[in-house]
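Everything on this sheet refers to the single structure shown next.
Protein chains: 2
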Amino acid sequence: MTALDDHSARPGVTTGPIMGSSKVHTEVRDPASGHVLRVPQRRVGLTDGTHIDLYDTSGPYTDPSATVDPHSGLPGLREEWIAQRERNGRRQPGTGGAPAAGPTQSACAKAGVITPEMRFVAAREGVDPEFVRDEVAVGRAVIPANRRHPESEPMIIGKNFLVKVNANIGNSAVTSSVAEEVEKLVWATRWGADTVMDLSTGKRIHETRERILRNSPVPIGTVPVYQALEKVDGDPAELSWEVYRDTVIEQAEQGVDYMTVHAGVLLRYVPLTARRVTGIVSRGGSIMAAWCLAHHRESFLYTHFEELCEILRAYDITFSLGDGLRPGAIADANDEAQFAELRTLGELTHVARSYDVQVMVEGPGHVPLHKIAENVRLEEELCGEAPFYTLGPLATDIAPGYDHITSAIGAAQIAWHGTAMLCYVTPKEHLGLPNRDDVKTGVITYKLAAHSADLAKGHPRAQEWDDALSHARFGFRWQDQFHLALDPETAQAYHDETLPAEPAKTA
Amino acid sequence: MTALDDHSARPGVTTGPIMGSSKVHTEVRDPASGHVLRVPQRRVGLTDGTHIDLYDTSGPYTDPSATVDPHSGLPGLREEWIAQRERNGRRQPGTGGAPAAGPTQSACAKAGVITPEMRFVAAREGVDPEFVRDEVAVGRAVIPANRRHPESEPMIIGKNFLVKVNANIGNSAVTSSVAEEVEKLVWATRWGADTVMDLSTGKRIHETRERILRNSPVPIGTVPVYQALEKVDGDPAELSWEVYRDTVIEQAEQGVDYMTVHAGVLLRYVPLTARRVTGIVSRGGSIMAAWCLAHHRESFLYTHFEELCEILRAYDITFSLGDGLRPGAIADANDEAQFAELRTLGELTHVARSYDVQVMVEGPGHVPLHKIAENVRLEEELCGEAPFYTLGPLATDIAPGYDHITSAIGAAQIAWHGTAMLCYVTPKEHLGLPNRDDVKTGVITYKLAAHSADLAKGHPRAQEWDDALSHARFGFRWQDQFHLALDPETAQAYHDETLPAEPAKTA
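From first to last, the protein sequence lines stand for chains A and B.
First residue of the first sequence? That's 1 in the working numbering, and the numbers climb one at a time after it.
First residue of the second sequence? That's 508 in the working numbering, and the numbers climb one at a time after it.
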């Protein structure tokens, strides 16, 4: 019996404030709808009587005044906003049975409308709502928010906002239960994950996703082709547009906020990977390449892309155009296969935008330091500055077991150059499945990489955090230093292992 | 009773090959002296019948055919080379009782002489000996090799060679024994430390250093003012040139290869730190600032710098000009105090070079990503491209407990721009004293940062390592992947925690 099955047991998820922090809400009135938006922040109170408010991804789980019950899920924060938009909205043509849908965030932004979601993220980021609207209108930022996922607290991904971090979770055929995955979600967002991707592949995949969505305060991403492949018993050649489409609709109905679609893996690009050191390492890329080769036809994701746009528009799901041909080794970085696919992703970005569907573009992977900037430059040029969403990249291949670090080096660098969201890498990358500690290590490592980029980009709120911690350090206010740390528990535990000796002050 | 005191116990240091590796020696004949140089490498044999030879810092401890006895120390690899140079050499004037001394590596290089040390490092790095000589002659690289430390295997520090990593060890008043420090030395070099600094401050400081030097295959650095301060019972105002000079000679006689000297902390620079967030965080910098303020006189390290040059020349000790005013917080990076001191370090670099003394220059510290390149540019301009030796820098202050990572992000970046050696930071930085695991984590983290820079700089031998590992990964040759990892034990342990599932192959 898992914690989720056992109503009498204590909740199967981690709750309670982060050490030294309390939850506060800023109330912001949305003039158009009259709604009062309660924007969460994590307040760190300091011993000198001051405090600092930090961006808070953790949802109601860290709020002692909230009732948390994983069985019933989180309250529908956005329910009324969505309903109001749908009442004002119009049925989109050709959505194949999709629900009555209001306009997407993109459509609203283009029409000059500031949605409650935009106003919410403006308050979270400390910027003007009109600036948010403008960034969404031109596609330089996205607000992934499926209208079937009202539980999520709106957030924005774009180069002119705080750099975001995604954590991957998901059960596999061999390990973990639904309850464990919900706890991984809560655990990852507790430490700062801005979005979570559910990469589950085992049994109970639909149920796992349902429980994750109903309990998630952050946008949830998926890779629909993983589930589609299970429906055809794991044989890529048996995939079809119909199986894929039905899977997308199934997941869309549940509330998935963004979907990785490897629509840029074209038949003619596959041979470009033949002489690579590590061929195709993206799972979605491998699946689609296998399908293209088996049928010697163009990818159904590419040929049916406009139908996909109509479906995603109906739910206001954001595309995350997958880099199925990303390099899996330093030797393969910035090669012809990678950049050929990127050109196609640029083409598809413009198609999706014409449907008012929001778009992110995924990036590598494994890239040496001197080739990182070129990735951002080219993505921005080809994809009209659509938010770039990269996995690391790892700056070297020689340190399995430490790839959260090899990739944080590349991640900080690429984020400084303009990448909007970083997909975390845990110490188990390339070796095995991350456990609870690995998830935390991955998230904290990526938060510090993202924050390093925020500092370098001059985000107005970034440096005040560093300054507060450094003041506490110089004043030997140890408790303040712990409470201001990204991971207060670890900082305090390390300190308590030895006496506060002289070297602790230096550096 | 410690392991070092107990002759019957097994050696108190870690010996034996690194998992999957064996020690090989390349024999190189030095035509001038007739000596045959045995240059060590770590050979990783692969299951496909090939092998790859890696740079090896671990000395005889990983060589099963070597006899290791920490009581008698390592054999004097360089003894004959040094003796021959001294027979050919001349007594240097004004060295205050220093030994009959041959010319320094710098003097030899300027005179067009390729020393056995230069030939040794050329073989280690895979470059031409004449190139090594030229880099040393112009001061763009240094070979720290006190003629009283014949046990060391020569290595070179310079922007046109592999990026090096230093590990700090040292007992304190409260913890650890001499034997523990020797084991920390062996442990750090096992995982890749290119030099080790002994920052001991407690009792038995002379004895600790002696045992470290006699057992060290890598250059040893110190900060002499730490011991000088102990001689005046910890009161900086009681320091004097005489106490300092005698301490330098004491350490020089033992064989210290490079010394951190905070001679750039001038009286007039101290007020520049008044409005900083974290003032002066360098311990040596604080000591010298306190002395200057107490006496309202210019630092004796600055006023006696030429005498210091004569002493260091007599032993061929390398200066590491300390950055006593380095920033201790993001807010203080690249400020007037830091760069004023750097200008003085540039002036002193040129003085030392005129004495044929080798010079490195130390750098920060805490610097956000967008201010890192300027540090290298200015150091090269002001200090005539003397090897830059930086502590990190940390790219953010908000992650105590993870400062090996915050600093590896900055370290990879600054090394790519031209920093020649990186001083490691462990997870305990700012919080406590590193234990054995922390030392290993710090070294491995810095090796991967250094290697990321080697790749980006296009070092000819760097990428073949990544390619070998990536080939093994793509071919599912798990054992080869482990053996090629910077830390084979951790890679294998992580893998064995879970089944080799599908996600292990992706990314």
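No residue lacks a Cβ here, since even glycine has one placed at the ideal position from N, Cα and C.
* Under 9 Å between beta-carbons, which chain B residues line up against residue 229(A)? List them in chain order, please. => Going along chain B, no residue has its Cβ under 9 Å from residue 229(A), so there is no contact; the nearest lies around 11 Å.
* Quick one: does residue 290(A) have its CB under 8 Å from some CB of chain B? -> no
* To do: Pull out every residue of the stretch 455-483 of chain A whose Cβ sits closer than 7 Å to any Cβ of chain B, in chain order.
  => 455, 456, 463, 465, 466, 467, 469, 470, 471, 473, 474, 481
* Asked: Going by beta carbon distance, what residues of the same chain come within less than 6 Å of residue 509(B), once the five residues before and after it are set aside?
  -> Here residue 509(B) scores only 39 on pLDDT, less than 50, and its place in the model should not be relied on; the value that follows carries that caveat. Contacts found: 684, 686.
* To do: Between the Cα of residue 224(A) and those of 279(A), 285(A), 274(A), 272(A), spot the shortest distance and give me the residue it belongs to.
  => 285(A)
* Taking all protein chains shown into account, do 16 or more other C-beta atoms lie within 10 angstroms of the C-beta of residue 275(A), making it buried, or fewer, making it exposed? -> exposed
* Can you give me, in chain order, the residues of the stretch 267-301 of chain A that have a beta carbon less than 7 Å from any beta carbon in chain B? => 277, 278, 279, 281, 282, 283
* Please decide whether residue 920(B) counts as near chain A, where near means a Cβ-Cβ distance under 8 Å. => yes
* Would you please verify whether the beta carbon of residue 96(A) is less than 8 Å from any beta carbon of chain B? => In this prediction, residue 96(A) scores a pLDDT of 46, lower than 50, which makes its location untrustworthy; the coordinate-derived value is nonetheless stated afterwards. No, its Cβ sits nowhere closer than 8 Å to a Cβ of chain B.
* Check the C-beta distance from residue 163(A) over to residue 415(A) and give it rounded, since I have them as a contact under 8 Å. => 5 Å
* Are the stretch 72-88 of chain A and the stretch 143-153 of chain A in contact at 8 Å, needing three or more beta carbon pairs? -> yes
* Residue(s) in a DSSP beta bridge with residue 29(A) -> 36(A)
* To do: Please list, in chain order, all residues of the same chain as residue 984(B) whose beta carbon is under 7 Å from its beta carbon, the five residues on each side excluded.
  => 554
* **Where the stretch 614-628 of chain B meets chain A: residues whose CB sits under 8 Å from a CB there** => none
* Check whether the Cβ atoms of residue 262(A) and residue 324(A) sit closer than 8 Å, and answer yes or no. => yes
* Asked: Which residues mark the beginning and the end of the alpha helix (DSSP H) in which residue 470(A) is found?
  -> 462-474
* Leaving out five residues before and five after residue 129(A) in sequence, what residues of the same chain have Cβ atoms less than 7 Å from its Cβ? -> 114, 118, 119, 122
* Per DSSP, residue 168(A) is paired with what? -> 197(A)
* To do: Give the DSSP bridge partners of residue 259(A), in chain order.
  => 222(A), 319(A)
* Asked: Can you list, in chain order, the residues of the stretch 416-442 of chain A whose Cβ is nearer than 8 Å to any Cβ on chain B?
  -> 416, 425, 427, 428, 429, 430, 431, 432, 433, 435
* Amino acids of chain B, ordered along the chain, whose beta-carbon sits closer than 8 Å to that of residue 444(A) -> 906, 909
* Asked: DSSP three-state call for residue 208(A): helix, strand or coil?
  -> helix
* Chain-ordered neighbours of residue 370(A) on chain B, where CB pairs are closer than 9 Å -> 923, 962, 963, 964, 965
* Under 8 Å by beta carbon: chain A residues contacting residue 844(B) -> The contacting residues do not exist; residue 844(B) stays about 15 Å from chain A at best.
* Beta carbon proximity, residue 1005(B) to chain A, threshold 8 Å -> yes
* Asked: Of all the CB atoms in chain B, is at least one closer than 8 Å to the CB of residue 198(A)?
  -> no
* Asked: Anyone know if the C-beta pair for residue 106(A) and residue 425(A) falls short of 8 Å?
  -> no
* 3-residue-minimum beta strand (DSSP E) runs that sit fully inside the stretch 377-422 of chain A, ordered along the chain -> 388-391
* Which residues in chain A sit within 7 Å of residue 1017(B), going by Cβ to Cβ distance? -> Residue 1017(B) lies beyond the residue range present for chain B, which begins at 508 and ends at 1014; the question has no answer from this structure.
* Asked: With 8 Å set as the bound, which would you pick, yes or no: does the beta-carbon of residue 818(B) sit closer than that to a beta-carbon of chain A?
  -> no
* To do: Tell me whether residue 621(B) sits in a helix, a strand or coil according to DSSP, three-state version.
  => coil
* To do: Reducing DSSP to helix, strand and coil, say where residue 756(B) ends up.
  => helix
* Locate the beta strand (DSSP E) running through residue 52(A), then write down its first and last residues. => 51-55
* To do: Inspect the beta-carbon positions of residue 369(A) and residue 956(B) and report whether they are closer than 8 Å.
  => no
* Asked: Under the three-state reduction of DSSP, which class applies to residue 866(B): helix, strand or coil?
  -> strand
* Nearest-angstrom Cα distance between residue 950(B) and residue 673(B)? -> 8 Å
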